[in-house]
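Take a look at the structure set out below.
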Amino acid sequence: MADPVHSTDTQSDLTATAQVPHESHGDVDPMEISGQMVVWTWVVFALMLLVLYKVAWKPILSALDQREKDIQDSIDNAEKIRLELADIEEKRARIIGEADEKAKSVLEAARKGAQEQARVIEGKARKEAQIMTENARRDIDTTRAKAEDELRIQSAAWARELAGRLIEANLDDEKNRALTDKLIQEL
């Protein structure tokens with residue numbers, strides 16, 4: 018257990034020290050400005066500034082300069098790429114235009130070739146049809162002439178036979194033939 022008499026003594030000591038001003042520190046007010054404190058503050062500030070300049074600012078500034086350089090390089094590269102893309106787009110458009118023109122000219126040439134080929138084929142077909150028509154006419158004329166000759170011969174034979182029956186005369190074959198040839202020529 019704690020001794021109550023002893024504890025009151027320590028409390029009275031504490032209150033006594035709290036009431037006594039801090040004379041052990043030599044009457045220095047922390048809010049008071051002194052010349053020595055100003056000099057030391059500037060010296061410490063200058064030292065800190067020098068240390069920060071050597072240790073932190075140079076690397077920070079060099080990193081910022083490097084970043085600025087990288088950003089500028091990226092911007093320059095992006096502009097360069099944009100110009101190259103514009104050039105490529107222009108070339109692509111020109112190539113597509115040329116291809117369209119070539120395709121149109123090829124189609125036009127093919128169309129003209131097809132029309133010319135159609136005219137040639139049509140001309141050949143007309144010539145062949147004309148030749149076939151002429152051949153057919155010749156064949157018809159030849160067949161007609163043969164049929165007419167055959168018909169004359171047969172008609173003459175029938176006429177001779179009829180005449181022989183009608184006349185009932187006995188003519189020899191040679192005279193009959195001569196008479197038949199004469200009748201054929203007359204027809």
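In terms of my numbering, the sequence shown opens at residue 18 and continues consecutively. In this text, a Cβ means the ideal position worked out from N, Cα and C, and glycines have one as well. Here the structure is a predicted model, which is why all the values come from computation and not from measurement.
Q. Taking DSSP as the reference, what is the three-state secondary structure of Asp48?
A. Reading the sequence shown from its first residue, position 31 is the one you call residue 48. Just to set this straight, residue 48 is Met in the shown sequence, not Asp. Annotated three-state conformation of Met48 is coil, per DSSP.
Q. So, is Ala173 buried or exposed, given that buried needs 16 or more other C-beta atoms within 10 angstroms?
A. What you label residue 173 is simply residue 156 of the sequence shown in a count that begins at 1. Residue environment for Ala173: buried (at least 16 other C-beta atoms within 10 angstroms of its C-beta).
Q: Return helix, strand or coil for Glu203, following the three-state DSSP convention.
A: In the sequence shown, residue 203 corresponds to position 186, counting from 1. If DSSP states are grouped into helix, strand and coil, Glu203 belongs with the helices.
(Q) Which same chain residues end up closer than 7 Å to Ala176 when comparing Cβ atoms and leaving out the 5 residues on each side of it in sequence? (A) Numbered from 1 along the sequence shown, position 159 holds the residue referred to as residue 176. So the list reads Leu200, once near-sequence residues are dropped.
Q: Can you grab the Cα-Cα spacing for the pair Lys119 / Leu78, in whole Å?
A: Here residue 119 refers to the residue found at position 102 of the sequence shown. Here residue 78 refers to the residue found at position 61 of the sequence shown. So the two alpha carbons sit approximately 60 Å from each other.
**Q.** Residues near Arg143 by beta carbon distance below 7 Å, same chain, minus five either side
**A.** Numbered from 1 along the sequence shown, position 126 holds the residue referred to as residue 143. Its chain contains no residue whose beta carbon lies nearer than 7 Å to that of Arg143 once the 5 sequence neighbours on both sides are disregarded.
Q. Which full runs of the alpha helix (DSSP H) of 4+ residues lie inside the region 48-96, going along the chain?
A. 52-69
Q: With a 10 Å radius around its C-beta and 16 neighbouring C-beta atoms as the bar for buried, classify Val123 as buried or exposed.
A: Position 106 of the sequence shown, counted from the first residue, corresponds to residue 123. Burial call: exposed.
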